[in-house]
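Undergrad: Under the working numbering, think of the first position of the sequence shown as 3, with each following residue one higher.
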Amino acid sequence: MILVKIDKGVMYESNLPYPVVRGKVRDNYDISELMGFPTLLIVATDRVSAFDVVSGDPIQYKGVVLTQMTLFWLEYLNFSNHLLTATIDYYPKELQKYRDQLMGRSMIVRIFNIFPLECIVRGYLTGSGKEDYDEIGKVDWHELPKWLVEASEIDPPIFTPSTKAEIGKHDKNIYMRDDAVSILVTHFSKKDFACSKKAASDLLEELEEISIYLYSKAAVYAENRGIIIADTKFELAYNVTFGGSGFILCDEVLTPDSSRFWSKDQYKEGVTQPSFDKQYVRDYLKSLGWSKKSGIPMPKLPEDVKEKTTEKYIQAYEMLTGKKFNF
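1. Flag Asn328 as yes when its Cβ comes closer than 7 Å to any non-hydrogen atom of the ligand SAH, and as no otherwise.
2. Using the Cα positions of Asp361 and Leu205, report the straight-line distance between them to the nearest angstrom.
3. If we count Cβ pairs, one from each stretch, closer than 8 Å, do we get three or more for the region 282-300 versus the region 266-273?
4. Pop quiz: Thr312 and Lys140 are said to be a contact at Cβ under 8 Å. What is the actual Cβ separation, rounded to whole angstroms?
5. May I have the straight-line CA-CA distance separating Ser57 from Met300, to the nearest angstrom?
6. If Lys314 sits next to Phe278, beta carbons under 8 Å apart, how far is it from one beta carbon to the other, in whole angstroms?
7. Once DSSP output is grouped into helix, strand and coil, what is the label at Val25?
8. Using DSSP with H/G/I as helix, E/B as strand and the rest coil, what is Asp204?
9. Check whether the region 186-198 touches the region 86-106, taking contact to mean three or more Cβ pairs, one atom from each stretch, closer than 8 Å.
10. To the nearest angstrom, how far is the alpha carbon of Val6 from that of Ile33?
11. Quick test of your reading: Thr69 and Gly106, contact by CB under 8 Å. State the CB separation rounded to the nearest angstrom.
12. Hey, would you say Ile156 sits closer than 8 Å to Tyr177, going by beta carbons?
13. Between which two residues does the beta strand (DSSP E) containing Val45 stretch?
14. Check the DSSP bridge columns for Thr165 and list the partner residues they point to.
15. So, under 8 Å CB-CB, Tyr240 and Ile231 are touching, yes? Tell me the CB distance rounded to an integer number of Å.
16. In or out: Ala167 buried (at least 16 other Cβ within 10 Å) or exposed?
17. Alpha carbon to alpha carbon, how far is Glu211 from Gln24? Give it in angstroms, no decimals.
18. Label Ile61 either buried or exposed according to how many other C-beta atoms from any shown protein chain fall within 10 Å of its C-beta, with 16 as the threshold for buried.
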């Protein structure tokens, strides 16, 4: 395992002396003791996964793009969020020595109570939503017109939450609204909060309204910049720790890893759309006939596949933000 590799904008894994939980892409360090209150240092590495397996080959600048795009959207959406700072000069002095691992790809955030649902919004029919539509004529509990095809627009957008799986496991779609309500009731009962089914239902409705509002605001902006946001996933939390109450936007926001970005100019209903993400990685592995079920390690990624993937991530960043990628 590569511990730290910082070479021409590439870092596979960070290495800081704090308790860490590593996800597929991010290394999350608990720096609560350092800060004096519940806090995480989130470091976005350049790891890339495909078909729920993490490749041993990093994608140059990927973690920087994900972090900078999240920071852009947090500012644009202007919604309560968990960010404290992403400016290294404002980090505790104990972290300053790790500047080379943190620059451009890290954030210090408050820890909040995350809702046990992935708040997914779909504005176009594709992915697992299209698979469910073809099989049962619905996406989650939403009845849709019978004539939709791949990449058809869903107007208005729909809220299709999924379960929130543990790291390394797969989220599952929720097909009955009552099941989503029950997940909320169970979650709050474990937290020693009284939550009736009616209260949980009202809460789910609020999560839906917020998620669709955030998606719609971003989608209008992105379309004016030449990008269609086909769908996205939000992490929402609730604030009961620092006084007051309310909803908090957390984790990555509207990145190529949490969303499907399509070119507005190339959009064509009825076919699979090229996207600004790790499509080259998936397509390459498919061309080899490789899958997680094969039982063999993921093949190494050729340089051209890695380079094209980097180009797509940077292109998405530059199109959406209107800024040149200078890292």
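Yeah, the Cβ is synthetic: ideal placement off N, Cα and C, and Gly gets one too.
TA: In this structure, then:
1. The ligand SAH is not among the ligands present in this structure, which contains no ligands whatsoever.
2. Past the edges of the chain, shown from 3 to 329, lies residue 361, and the structure says nothing about it.
3. The region 282-300 and the region 266-273 do not touch, with fewer than 3 CB-CB distances between them shorter than 8 Å.
4. The pair is not a contact, with the Cβ atoms about 38 Å apart (cut-off 8 Å).
5. 6 Å
6. 5 Å
7. Checking the sequence shown, residue 25 turns out to be Gly, not Val. Here Gly25 sits in coil by DSSP.
8. Looking at Asp204 - three-state DSSP - the assignment turns out to be helix.
9. Contact fails: fewer than three Cβ-Cβ distances are below 8 Å.
10. Its pLDDT being 43, under 50, Val6 is placed unreliably in this model, and the value from its coordinates should be taken loosely. When rounded, the distance between both Cα atoms is 20 Å.
11. 6 Å
12. no
13. It spans 41-46 - the beta strand (DSSP E) in which Val45 sits, taken as one unbroken run.
14. Leu119
15. Actually they do not touch by this definition, with Cβ atoms about 25 Å apart.
16. exposed
17. Here the sequence assigns Arg to residue 24, which means Gln is not the residue at that position. C-alpha separation (whole angstroms): 31 Å.
18. When all chains shown are included, Ile61 counts as buried.
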